[in-house]
Amino acid sequence: ASWSVNAIRGGSLIVFVHDIADVLLEAGKAAKYAKHDNLCTFIFVIFMLVWVVTRLGIFSKIVYCGIIQFPTIYPRYPLYYAIAGLNIFLLALHVVWTYMIFQVAYRMCTSNEIGDVRSSNEDDESENEEKKHLNGKLSD
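When we follow this note's numbering, the leftmost residue of the sequence shown carries the number 17, and every step to the right adds one.
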């Protein structure tokens, strides 16, 4: 949408702010899959700090500038309200995701285990069924 209204610099800034933490997230996942727990914990802490600074700090400043300061400098264009609304919605999602990240951090500090807070009991049930199936004791 930023390209259609010639606001490429703003759109590029938003993409850049979002991509910084994504690299660390993927590196942490790779460390977890490789069973390097200390490295995974280190990357997760750095990821959490970068996430809060970029997604809640810098991105909220970008949203503020785009909604409050931008209209004082440039005239509003037809997509202004749609882009502003979507950015506010994205900021609200960042708050929810930050809460989930803090849940993972809390779980990591209390039980020394990094897990996905989005997981439900279905994963546990499927693992139990898989273990029973591997042991040849699957019964319906």
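All C-beta atoms in this analysis are idealised placements derived from N, C-alpha and C, irrespective of residue type, glycine included.
{"query": "For L95, three-class secondary structure by DSSP", "result": "coil"}
{"query": "Supposed close pair T126, W67 - CB separation, criterion 8 Å", "result": "Rounded, the Cβ-Cβ distance is 20 Å, inconsistent with contact."}
{"query": "Segment contact, 8 Å Cβ cut-off, at least three pairs: the region 43-60 with the region 82-90", "result": "no"}
{"query": "Euclidean distance between Cα positions of I99 and F105", "result": "10 Å"}
{"query": "Start-to-end residues for the alpha helix (DSSP H) that takes in H34", "result": "24-49"}
{"query": "Proximity below 8 Å, CB of L107 to CB of V79", "result": "yes"}
{"query": "Spatial neighbours of D156 in its chain, beta-carbon cut-off 6 Å, leaving aside the 5 residues before and after", "result": "Residue confidence for D156 is low, a pLDDT of 46 falling below 50, so the modelled location carries little weight and cannot support an answer."}
{"query": "Inter-residue spacing [alpha-carbon to alpha-carbon] between S76 and V39", "result": "20 Å"}
{"query": "Under the three-state DSSP convention, the category H52 falls into", "result": "coil"}
{"query": "Y90 - DSSP class collapsed to helix/strand/coil", "result": "coil"}
{"query": "Neighbourhood of N103 by C-beta, 7 Å cutoff - its chain only, sequence neighbours within 5 removed", "result": "V79, G82"}
{"query": "Best match in L95, M64, Y96, D35 for proximity to V120 [C-alpha to C-alpha]", "result": "M64"}
{"query": "Residue burial classification, G101 (beta-carbon count within 10 angstroms, cutoff 16)", "result": "exposed"}
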